Amino acid sequence: MMSFKRMWALFVARNFEFIRDRAGFGWNILFPFLIVAGFGVIFSSDTRSEYKLGVFPVKETRMVVKELKIPEKLKAYDYIKIVPFETHDEAINKLLHHKIDILLENKGPELKYWISDSSPKGYVLEKVVKESIIPEEFFVSRVIKQQIQGEQIRYIDWLFPGILGMNIMFSSLFGVGYVIVRYRRSGVLKRLKATPVTAFEYLTAQMISRVLILLSTSFLVWFGCDFFFSFQMQGAYFDAFVVFLAGTICLVSLGLIIACRGTNEELTNGIINFICWPMMFLAEVWFSVEGASSWVKNAAQALPLTHFLSAVRKIINDGATLSDVSPEITILLVMSLIFLSIGSLLFSWTK
Amino acid sequence: MGLRLIPHESNIIEVKDLKKSYSGSPAVDGINLSIASGSCFGLLGPNGAGKTTTVEMMENIISQDSGDIFYKQDARNKTFNQEIGIQFQQTELLAYLTVEETLKTFAAFYDKHLPVADIIDLCMLENVKNSLNNKISGGQRQRLLLGLALLNDPDLIFLDEPTTGLDPQARKHIWEIIRDRNLKGKTIILTTHYMEEAQSICDTIAIMDNGRIIEQGSPEALIDKHCKDVDCPENLESVFLKLTGKSLRE
């Protein structure tokens, strides 16, 4: 018969294990802070450049941009960094190795340039260079810029839920999957098998403990990062909490499948990485897969993190309500049920 | 039709024709045992003889390929784990719990248990009760593992090499605890590499080799039977060497 007393004892023991393991506990808090802080620094910098335009011959130490003999418009464009080279050979070498995207001769009035045909950025920058010799008046009444209505979403506001989701994913899979496999190998689970504790009691206690820990650390990270970056929260915090809860339960349940068998930590490590890395990219933690092949998008729909991040971004970035994200929550709960059932059925204390 | 074992009411555990193989190699090859309630039963054998596999099948940790195991004249049921205590040969504990927390956690698993303070006292863990499990010595760890095995005041206690790696003083202390439990009517099943330990504590000995029991009886009876030669020292180790032809730690 199921015993809440046993589950509570296991739950408390697991929490002690997590909190007292200072290295693991600290890393769980510090990791997302570092990622967000790193991106914060990168994206708040004025010198951010997407494209690199090489110019030669220029004395590197003496470069004065306004004195360069290249089109004036190019000197003023955002996201283009001008890189000086003293010789043609040196500059061509950098172009061949994709260190720069296009190379211009510092001569004039004729515009002479080199690009690598295998460089997508070079291809785009070639169009920009050509456009730069067309006077701005040419575009008047031909090209009309429209303003986006409403508040624009900063990249960091879009990225932050992804970082939190990624942290939850790693902590769920390593903190449950890897840890339970380690316990099995070291005989901790065998010792528990010799007691009246049932697999259901053990797994439930592990899951509740991990969900609680992950939600608490996510809360700390969120408000810690918010202090520095002032995230824009369009929806309700309660709605975000519900989505985080569903997402965390789902990812921890996935960890239980990994944990259900095996004593080989190296293999488990490999399996977790095999699951985590594709999920991290396909679930749009870092960038959107909009425009990717349809099979990529379909594959992404099979991953719990996709639905988790989709729902949480809708709430945080777009102000969606629980009703708006109910399809994602339903999918997460159904996946949790499937993962938990598989994990419980296949669980072994010793094999 | 095969023979059916009729469990005897004075036996706490009985096994009949127990077999277990790993990758086709027999680890336990048709063992029969009857262990009387309140006895201290020693299972001896060289490394790889099948002692741990036999004991773990009796403990219900691993399943047998064939054969029967009866506990108190019946098949083992859900209350079995409430009534037994086990000290495994190799077990790690949760590293970041203290000794006392570990005992309290395990105490919560049982419907009835001895007071944790009594176990701490019995196993002489008072001075380390607030230490983390990963900070205690080997001897203290063995005493804690023994304490966990005794926590629910079990009727049947399995001890798989409980004194391996301990200094003589720590070993003798564990012997005292085992004797104390045995005097209180608890049944002990002990595997060990230490002949003097088995001779000192156990009232019945079974010697295993190659997955089979090759001899069984009281230590005195075994010595009487196998140490008749003038040049054979009258102790259990001589019996063991004579029967298996192997050193205990080979």
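Line order of the protein sequences matches chains A and B.
Numbered by my numbering, the letters in the first sequence go through residues -10 to 340 in order.
Numbered by my numbering, the letters in the second sequence go through residues 7 to 256 in order.
Backbone N, C-alpha and C fix where the C-beta goes; we use that ideal spot for every residue, glycine too.
Bear in mind that the values here come from a model prediction, so they are computed numbers and not experimental data.
Please name the residue or residues paired with residue i in a DSSP beta bridge.
i, result
"E221(B)", "I213(B)"
"V44(A)", "P73(A) and L93(A)"
"N17(B)", "A42(B)"
"F164(B)", "I92(B) and I195(B)"
"W103(A)", "L92(A)"
"L156(B)", "DSSP lists no partner for L156(B)."
"V34(B)", "K26(B)"
"A81(B)", "F76(B)"
"L138(B)", "T104(B)"
Which stretch, first to last residue, makes up the alpha helix (DSSP H) that contains residue i?
i, result
"D307(A)", "P293 to D307"
"N53(B)", "Careful: N53(B) lies outside any alpha helix (DSSP H) and carries neither H nor E."
"T193(A)", "A188 to F218"
"H179(B)", "P174 to L189"
"K248(B)", "L242 to T250"
"C265(A)", "E254 to L271"
"F336(A)", "It is not in any alpha helix (DSSP H) - F336(A) carries neither H nor E in the DSSP assignment."
"Y226(A)", "Y226 to A248"
"G151(A)", "Y144 to S161"
"G176(A)", "Segment: none, G176(A) is in no alpha helix (DSSP H) and carries neither H nor E."
"I126(B)", "V122 to L128"
"Q258(B)", "Since the first residue of chain B shown is 7 and the last is 256, residue 258(B) is not available in this structure."
"G280(A)", "Segment: none, G280(A) is in no alpha helix (DSSP H) and carries neither H nor E."
For residue i and residue j, what's the separation of their Cα atoms in angstroms?
i, j, result
"L321(A)", "L234(A)", "10 Å"
"E79(A)", "F159(A)", "44 Å"
"K64(A)", "V72(A)", "11 Å"
"I229(B)", "F112(B)", "41 Å"
"F227(A)", "F297(A)", "15 Å"
"F28(A)", "L100(B)", "37 Å"
"L9(B)", "G73(B)", "Bear in mind that a pLDDT of 45 at L9(B), under 50, signals an unreliable position, so the model cannot answer this."
"Y144(A)", "L42(A)", "25 Å"
"Y77(B)", "K84(B)", "12 Å"
"F216(A)", "A26(A)", "11 Å"
"L154(B)", "N306(A)", "53 Å"
"G280(A)", "K286(A)", "9 Å"
"V122(B)", "G176(A)", "23 Å"
"D90(A)", "I81(A)", "11 Å"
"L57(A)", "R51(A)", "11 Å"
"S108(A)", "H87(A)", "7 Å"
"V400(A)", "L85(A)", "Any property of residue 400(A) remains undetermined from this structure, which presents chain A solely from -10 to 340."
"S121(A)", "S282(A)", "33 Å"
From the options, pick the residue whose C-alpha is nearest to that of residue i; which is it?
i, options, result
"Y172(A)", "C249(A), L148(A), L335(A) and L240(A)", "C249(A)"
"P46(A)", "I59(A), W(-3)(A) and E39(A)", "I59(A)"
"F164(B)", "F86(B), K248(B) and Q79(B)", "F86(B)"
"L128(B)", "L152(B), N140(B) and S143(B)", "L152(B)"
"F115(B)", "N95(A), I24(A), Y191(A) and H87(A)", "Y191(A)"
"P293(A)", "V278(A), I304(A), S312(A) and T319(A)", "T319(A)"
"Y102(B)", "N136(B), L162(B) and S244(B)", "N136(B)"
"M63(B)", "R177(B), G223(B) and F94(B)", "F94(B)"
"T193(B)", "G48(B), A33(B) and V21(B)", "G48(B)"
"L131(B)", "L120(B), D117(B), T104(B) and K118(B)", "T104(B)"
"W338(A)", "V168(A), A188(A) and F220(A)", "A188(A)"
"W16(A)", "S121(A), N156(A), P98(A) and N95(A)", "N156(A)"
"V54(A)", "D10(A), N95(A) and M269(A)", "N95(A)"
"E98(B)", "I137(A), K179(A), K303(A) and Y68(A)", "K179(A)"
Taking the beta strand (DSSP E) that residue i belongs to, which residues open and close that run?
i, result
"Y77(B)", "S72 to Y77"
If you drop the 5 nearest sequence neighbours on each side, which residues of the same chain put their C-beta closer than 8 Å to that of residue i?
i, result
"L172(B)", "G144, G145, Q148 and I180"
"D35(B)", "K25, G56, N216, G217 and R218"
"F218(A)", "V25, G29, I145 and F149"
Grab me the residues of residue i's own chain with a C-beta within less than 7 Å of its C-beta, minus the 5 sequence neighbours each way, in chain order.
i, result
"I18(A)", "T206, L209 and V210"
"Q223(A)", "I305, N306, D307 and G308"
"R185(B)", "I207"
"E89(B)", "P160, D161 and L162"
"F344(A)", "This structure does not reach residue 344(A), given that chain A is present from -10 up to 340, and the question cannot be answered."
"I264(A)", "L162"
With a threshold of 6 Å on Cβ separation, who are the neighbours of residue i within its own chain once the five nearest residues in sequence on each side are excluded?
i, result
"S198(A)", "F0, R3 and N4"
"N241(B)", "none"
"I331(A)", "I246"
"V186(A)", "R(-5)"
"Q205(B)", "P225 and L242"
"T59(B)", "K26, A33 and V34"
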